[in-house]
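Protein chains in written order, with our numbering: chain G, 4 to 315; chain U, 17 to 236; chain B, 75 to 729.
Here is the structure we will look at.
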Amino acid sequence: MTLMTNVLQVLLLILLAPLVRGVISRIKARIQNRRGASVWRPYTDVLKLFRKQDLVPASASFVFRLAPMVVFTTTLVVAAFVPLLHGSALLGVTGDFVLLVYLLALGRFFLMLGAMDGGSSFGGMGASREALVSTLAEAPFLLALMSVAIAAHTASIAGMVQWTMGQNFFQFSAVHALAFAALVLVAIAETGRIPVDNPTTHLELTMIHEAMVLEYSGPSLALIEWASAIKLTVVMALLIALFVPWGMASSVSALALGVASLVMLLKIAALVLALALVECSVAKLRMYLVPDFLGVASALAILAVVFTALMR
Amino acid sequence: MGLFETAAAKALASSGVFLFMTVLLIAAAKRISTCIALFSVQSLIITAQIIAVSRMHHSTEGFVIAGLVLSVKVIAIPYVLYRIVEELKAPRDVSSSTSSSQSVFIAAGLILLSFFAVRPYVGVLGGDQAMLAAAVALVLTGGFLMVSRKKALMQVVGLLVLDNGIFLAALTTTFGMPLVIEIGIVFDLLMGVFLMGLFVFRIRDTFDHLDVSKLRRLRG
Amino acid sequence: MMLLAFNSFLVAMLSVPVVTVISRRWTKARALPAALLMGSLVIGTAVAAVGFWRGQRFQVDICQVASFSFALSLDRLSAFFLLLICSVSLPVILFSSSYIPRHYSGARRHWLWVLLPLFLTSMVLVVTASTPFAFLFGWELMTLFSAGLIVIDGDSEQRRHNIFIYLVMMHAGAAAVIGAFLLFLPHASNFAQMRASAALMSPLLRTAVFLLAFAGFGTKAGIVPLHLWLPRAHPIAPSPVSALMSGVMLKTAVYGLVRFAFDFLGSGPSWWGYLVLFAGAVSGLLGVLYAIGEHDLKRLLAYHSVENIGIIYLGLGSALMFTANHSSVWAALALTAALLHCLNHAIFKSLLFLGAGAISDAAHTLDLEELGGLQKRMPLTGTVFLIACCSIVGLPLFNGFVSEWLTFRSFLAGSEMTNLSAAIVLPLAAGVLALIGGLAAACFAKVYGVGFLGRPRSGEAGRANEVSLPMQAGMGALATACVVIGIFPGLVLRSLGALTEELLPGAALPPAATSLTVVLPWIALFVLVLVGGFAGFKRAKKLTATWACGLPGLDERMQYTSTAFSKPLRRVFSRAYRAERTLEVVPGDPPYFPVSISYRSVRTTSFEKFLYRPGVDAIVTAALRLRRLQTGNIQIYLLYIFAALIALLMFMRWA
């Protein structure tokens, strides 16, 4: 039964991901006084792309078509790490936070290579900028997760979630506050949202992720788009699970899981609303100000780690 | 009701940890209005601390002070400062001599310094180690803001943060100062802000800029 | 039985030069030296494997035969490093059996086949020595033979300068190592005696031994600031020799440090651990930062060796801190991480250098700005190079990840130490390691992306062909090892755990460390099934041209170059580079249309300017002052001799 619930969690994350993207776009459109596309648009996009043909540059090697598959697969595996409805996940016990960070790095590495294989300036530009952002985002990501792991005395994600659930919600802890702030900043950088990267632009000056995927089409592009939506949802689920997990089911009964799903949907909706508001009110940072942004995240994460020792 | 009481008590008592967040964010902030808003949040957290302490010691004086701090430091002073910023019509960025991430690293270093500075005194003075460290950190950060920000208004904000730190230090060690002194300090502060507001306009009209680093006549 | 095998291994290795010299006129026996060397390496691997996995020890002693103390022995640590040397050299020699005939002919080829086995034997001598004399003998021979191998490739002015720097720094390091051994006198006739007497030494003496060993082995390993020789010596050697130097020779220095710090000295104060940790962090960061700025492939790989030695030192430093704190379980974890990274680095760094050799063989250049599109023209070389890139970056399912994961876990465990500063420093070191990993990912995305993907940036790269079969086989063997250790690390971890148990009394590998061995095969299976499913399910593709914004043609020079790719990172970390830039513009007739613009940016090595040049100048000035003693006058020289005699008499009388 636990196994089925864990598989259900992974399926939920995968299938809900495009909806999360669609809802964010719809809310942003409404804030900007537009009607906006339907919230089911990402689903129709992915299905349409799967029906189309893959256009591959003649000079590209097998890495060009391999990269989207690797990106999608690693994002899927990462989705199996995060508890969604109850305090465990498919790989939640054996999978620890280092493996999570580095699996995401594997996906990013292959995406950069696939971009370079296109043979155009856009690919190189996207890969070079992505190299800058991901290099500087990896350290605060790992340090923030490590601070929570030190506080929880365990390295597995499920263990950290269960420890946090055992804490009192009203007893705020400095370590968690700092780690949460650092992870929010890193999450914006990792998932490529404003103010680090604009997911809807196609201007040379401003695109990072979109430049990397410019050459892709058809099923490859579908995999990449879906993977990026799954990554956004997984990062949101990770933030919720690590910092506000109360409301998750403690037993694997249908009623408890139903209540937990409702609570989870509410939390994700809150995060979605917050993200849409931030994206509409803040301007995208100039690229050489992104290291500054990530430097703030690094300082927060370093302080979180130091506090775990100071506040013992 | 009992559950709500304990929850509220816990929340109020542990909200002090968010002071470190405000210290870091005020160091990272790039606009004057953000700094003013963060100062307001800081004062709100300190109000929560005052209420928590007063509940623990069952003193009505404490609630009066809390109300005073709330009305003056959380509402009145930030409002006055906002109005000044609006009237000045000057660029609203915080002209800082250090970049955003450098300032945050310096602020983090100051927080660590304050932790190590208060370590030997925790048992002697009573009070929470984290609160005392937060107070020292606020003082140091206020000083850092005054030193590194070049806009005249930021000197005011730095002074206000510094005063917050001293206030918090008094709160954690001696559970507040006598009521009369508290009222005096708070109103002094209010007067100071009004005066600074007038001065800022005079500085701008005389020198045509608000850059403190260019005011160099104080020499022998 | 083991003794016999080991002796035959040594004899076989030493016979290769002899056979080369004898058979140099026979054209039919061209492949004989390579085959003989590979055969002896197979024996060596077998001996080492039995020694490492089963823990059998033995000893070869010449003390009874000759009058000087020369003995070899194999305990588990030596067996591990012997396994490393032999198993990594085997594919490299397979590669060179085809590479050397293609690039060298006549006397140079014979010299290579004479010096290579001698070089390997000297390394074997170092790791199996059980007396200081044998160790130092092998140590010096390593330097000399590798310098000889570099000289074979040519001796222009620049190359001679680099070889000179290499020799000088290696001898300075050897002097420090000799000093460390000398401090054990008079109980220094073999390692067992040294181990026993170390427990009775005063703390000051132990500190002196540690510092000398750290400096000496650090020079050989290439930690910052003693790394100056690495990017000068490794790129100018022939590619297989670079692979051996970078992959295997640097590990002998790590072996030396582990022997001294853990085996002889046991435990020490925790500031030793801080020193090693700090050196590792600085080397890791600066190594990878300098590598990002390079576009010569071999220099880039040489700087990455500095970085990986830094990562190994991070593990060693935390192990030292744990032993100082008496938490031997976590010390075992950290030491296992460091040793496993030694093995992993040997494998993937050799593979990278062999790949560079293959590139230079096919495209005749190693400048990344001239390469491109090699994956399509050299499929196997490209694939194994990709595997090596993924391994060195430390991505999961490849071997580099396992050792980095273990290092992270040991840092996480460091947070539970009672010492406050250690509990803060160790987790922060994890942040440094994460930053190093991120920078390495950026660098190798650049290397593989610019060098192998996209379109060829020069005619030579466009005409590159796949290399010969032995070269492919050599590289393929190393790549297979990368993947196998990456997915099934338990094969090596259990024996490494036994090894650390021997070195650190009372230690055992904590069970949490082995959770990785459970989850990795499942993830690998899942990834394989899914990617295979996608690949098989994919519809036919249609070949088009790259999108060029509607313009007619896309020039291959419009792709990003290596310098352009690394520019954002170089700009953010500009304080580490301190580049000197010169821009010359030759204006034309209307001054707005210049005839030529030349831009030159040279990264100044601050170490040369602020550390080495003043040091060298001071030494030269002191030497010039001492020259005054050489007056040339015979009577003054006689006076020196008599003064020495008088001083000796007085010393004997009053001592």
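Glycine included, each C-beta is placed from N, C-alpha and C at the ideal position.
Keep in mind it's a predicted model, so treat the numbers as computed, not measured.
| Check | Outcome |
| --- | --- |
| Could you tell me the distance, in whole angstroms, from the CA atom of residue 257/G to the CA atom of residue 14/G? | 17 Å |
| Which residue comes first and which comes last in the beta strand (DSSP E) that contains residue 618/B? | 615–618 |
| Helix, strand or coil: which one does DSSP assign to residue 60/U? | helix |
| Please report whether the beta-carbon of residue 177/G lies at a distance below 8 Å from any beta-carbon of chain B. | no |
| Pick out whichever of 307/G, 232/G and 263/G has its Cα sitting closest to the Cα of residue 24/G. | 232/G |
| Assign residue 167/U to one of three DSSP states: helix, strand, or coil. | strand |
| Using a Cβ cut-off of 9 Å, pull out every chain G residue sitting near residue 483/B, in sequence order please. | 99, 101 and 158 |
| Counting only beta-carbon atoms, is residue 450/B nearer than 8 Å to chain C? | Absent here is chain C; the protein component of the structure consists of chains G, U and B. |
| Determine which residues of the segment 29–53 of chain U have a Cβ less than 7 Å from any Cβ of chain G, and write them out in chain order. | 30, 31, 33, 34, 36, 37, 40 and 44 |
| Residues of the segment 144–163 of chain U with a CB closer than 7 Å to any CB of chain G: list them in chain order, please. | 146 |
| For residue 311/B, tell me which candidate among 230/B, 243/B and 382/B has the shortest Cα-Cα distance. | 230/B |
| Quick one: complete alpha helix (DSSP H) runs, 4+ long, within the segment 446–524 of chain B? | 448–451, 453–467 and 473–488 |
| Taking three-plus beta-carbon pairs below 8 Å as touching, is the segment 144–163 of chain B in contact with the segment 188–205 of chain B? | yes |
| Excluding the five sequence neighbours on either side, which residues of its own chain have a C-beta within less than 6 Å of the C-beta of residue 220/U, listed in chain order? | 226 |
| With three or more beta-carbon pairs closer than 8 Å as the criterion, would you say the segment 69–80 of chain U touches the segment 95–113 of chain U? | no |
| If I follow the unbroken alpha helix (DSSP H) through residue 386/B, where does it start and stop? | 371–398 |
| Going by DSSP, which residues form a beta bridge with residue 179/U? | None, per the DSSP bridge assignment. |
| Could you say which of 99/U, 152/U, 232/U and 206/U lies nearest to residue 186/U if we only look at CA atoms? | 152/U |
| How about residue 206/G: is its C-beta nearer than 8 Å to some C-beta of chain B? | no |
| State yes or no: is the C-beta of residue 340/B within less than 8 Å of the C-beta of residue 272/B? | yes |
| If the cut-off is 8 Å on Cβ atoms, which residues from the segment 114–128 of chain U count as contacting chain G, listed in chain order? | 115, 116, 117, 118, 120, 121, 123, 124, 127 and 128 |
| Hey, residue 416/B and residue 325/B are a contact pair by Cβ (cut 8 Å); roughly how many whole angstroms apart? | 5 Å |
| To the nearest angstrom, report how far apart residue 121/B and residue 87/B are at their CA atoms. | 14 Å |
| Would you say residue 498/B lies against chain G (beta-carbon separation less than 8 Å)? | yes |
| Rounding to the nearest angstrom, what Cα-Cα distance links residue 159/B and residue 197/B in this structure? | 8 Å |
| Over what stretch of residues does the beta strand (DSSP E) that includes residue 659/B continue unbroken? | 653–660 |
| Buried or exposed for residue 232/B, please, with buried defined as at least 16 other CB atoms from any protein chain shown within 10 angstroms of its CB. | exposed |
| Please check if any C-beta of chain G sits within less than 8 Å of the C-beta of residue 20/U. | no |
| Compare the beta carbon distance of residue 311/G and residue 489/B with 8 Å and say whether it is the shorter of the two. | yes |
| Measuring CB to CB, does residue 202/G end up less than 8 Å from residue 297/G? | no |
| Tell me the rounded alpha-carbon separation between residue 656/B and residue 670/B. | 14 Å |
| Spatial neighbours of residue 49/G within its chain, please: CB distance less than 7 Å, with the 5 preceding and 5 following residues excluded, ordered by chain position. | 21, 225, 228 and 229 |
| Where does residue 59/G sit, in a helix, a strand or coil, going by DSSP? | strand |
| Measure how close the beta-carbons of residue 531/B and residue 631/B come, nearest whole angstrom, since I'm counting them as under 8 Å. | 7 Å |
| Would you tell me roughly how many angstroms separate the C-alpha atoms of residue 31/U and residue 57/U, rounded to the nearest one? | 11 Å |
| Could you tell me the boundaries of the beta strand (DSSP E) in which residue 671/B lies? | 670–677 |
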